[in-house]
Structure formats: structure tokens, C-alpha cells
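Q: Residue numbers (the working numbering): -12 to 102.
Yeah, the Cβ is synthetic: ideal placement off N, Cα and C, and Gly gets one too.
Please read all numbers here as calculations on a predicted model, not as lab measurements.
Attaching a single structure in C-alpha cells format; questions to follow.
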Amino acid sequence: MLLRLDATDGAPLHEQVAGAVRRAVAEGECAAGDRLPPARDLAAALGVNANTVLRALRTLRDEGVLEFRRGRGVTVAVGADRRSTLVDQVRGLVADAARLGYSRNDLIEMIRGLS
């Protein structure tokens, strides 16, 4: 898995790391059950602090993209490719809504109105 960060991007590093892993999963570089390198190794390869990588990995775990297993490390969750694509679309929707002046609560109410 080859991850790259953009030093000119204004997004926080942990978000860039999470986005890079999401893309790798969505594009099939990592399949369900694949094990990720240790956080220290990822941090060294990316030139960032290990805590930055850990924060990104925890975010992805909370999104259901990754699973943390004691003794097995961090693995890609089943269905993560579909989930990571959906998460990217939701992030885009939230960003579009914000540009149009809608809050997250406004967006939630719109979605509730659809069901």
C-alpha cells in the first residue's frame, strides 16, 4: 500500500492519512482482511508522528473501514470498500451543504424527510 500526503494541502495531517487509506481501500489496493503495516512504520514512511497515524486509524475504525484485533493488528473490515466510498460521498455532501449555508442539523433534517 503506497500512501502519499500533500504538504500543500491545508487539511490536518490525520485527515490526509485517513483519506489516503480510504482511497487505497476504495481503489482495491487493500482488500477485506488485509493487514495494515504497524502505525510506527506508516508514520516513518509518511514522515509524520505516530500519534497522527494512530488518530487517523482510530477515525477509520470508528467509520467501520478498519478493525483493530488484539494480536492481529489493524485489518481492513469486510465491506470497507463500499463503506469508504460512501463516507467520501457523505463528506462531499456535508461540504457542499456548508458552502450553500446549510448546517449539519439542516442536512440531517433533509435526510430524515426523505425516509
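1) Here's the rule: buried if 16 or more other CB atoms are within 10 angstroms of the residue's CB, otherwise exposed. What is L87?
2) Can you find at least 3 beta carbon pairs, one from the stretch 47 to 63 and one from the stretch 19 to 27, that sit closer than 8 Å?
3) Hey, out of L(-10), A30, R69 and P25, whose CA is closest to R57's CA?
4) So what does T62 bridge to, in DSSP terms?
5) I'd like the list of long-range same chain contacts for T72, defined as Cβ closer than 6 Å, with 5 residues on each side in sequence excluded.
6) Just verifying my parser: in three-state terms, what is the DSSP assignment at G100?
7) Considering only C-alpha positions, which residue in the set A5, E96 and D93 is nearest to G51?
8) What span of residues does the alpha helix (DSSP H) with G6 cover, start to end?
9) How would you label D68, buried or exposed, when you count the other beta carbons within 10 angstroms and need 16 or more for buried?
10) According to DSSP, is A(-6) helix, strand or coil?
11) Pop quiz: R27 and A7 are said to be a contact at Cβ under 8 Å. What is the actual Cβ separation, rounded to whole angstroms?
A: In short:
1) Position 100 of the sequence shown holds residue 87. By the C-beta density criterion, L87 is exposed, having fewer than 16 other C-beta atoms within 10 angstroms.
2) Counting Cβ pairs under 8 Å, three or more are found: they touch.
3) Here residue 57 refers to the residue found at position 70 of the sequence shown. Considering only alpha carbons, the answer is P25.
4) Counting from 1 along the sequence shown, the entry for residue 62 is found at position 75. Its beta-bridge partners are R22 and E54.
5) Numbered from its first residue, the sequence shown carries residue 72 at position 85. In chain order, A13 place their CB closer than 6 Å to the CB of T72, counting only its own chain and leaving out the 5 sequence neighbours on each side.
6) To locate residue 100, count along the sequence shown from 1; it is residue 113. When secondary structure is reduced to three states using DSSP, G100 falls in the helix class.
7) Position 64 of the sequence shown, counted from the start, is the residue given in the question as residue 51. Ranked by Cα distance from G51, the options A5, E96 and D93 are led by A5.
8) Counting from 1 along the sequence shown, the entry for residue 6 is found at position 19. Unbroken alpha helix (DSSP H) run through G6: L0 to A13.
9) Residue 68 sits at position 81 when you count from the first residue of the sequence shown. Within a 10 Å sphere around the beta-carbon of D68 sit 16 or more other beta-carbons, which makes this residue buried.
10) Residue mapping note: residue -6 aligns to position 7 of the sequence shown, counting from 1. Coil, per DSSP.
11) Taking the first residue of the sequence shown as 1, we reach residue 27 at position 40. Taking the first residue of the sequence shown as 1, we reach residue 7 at position 20. No, R27 and A7 are not in contact; Cβ-Cβ is about 17 Å, not under 8 Å.
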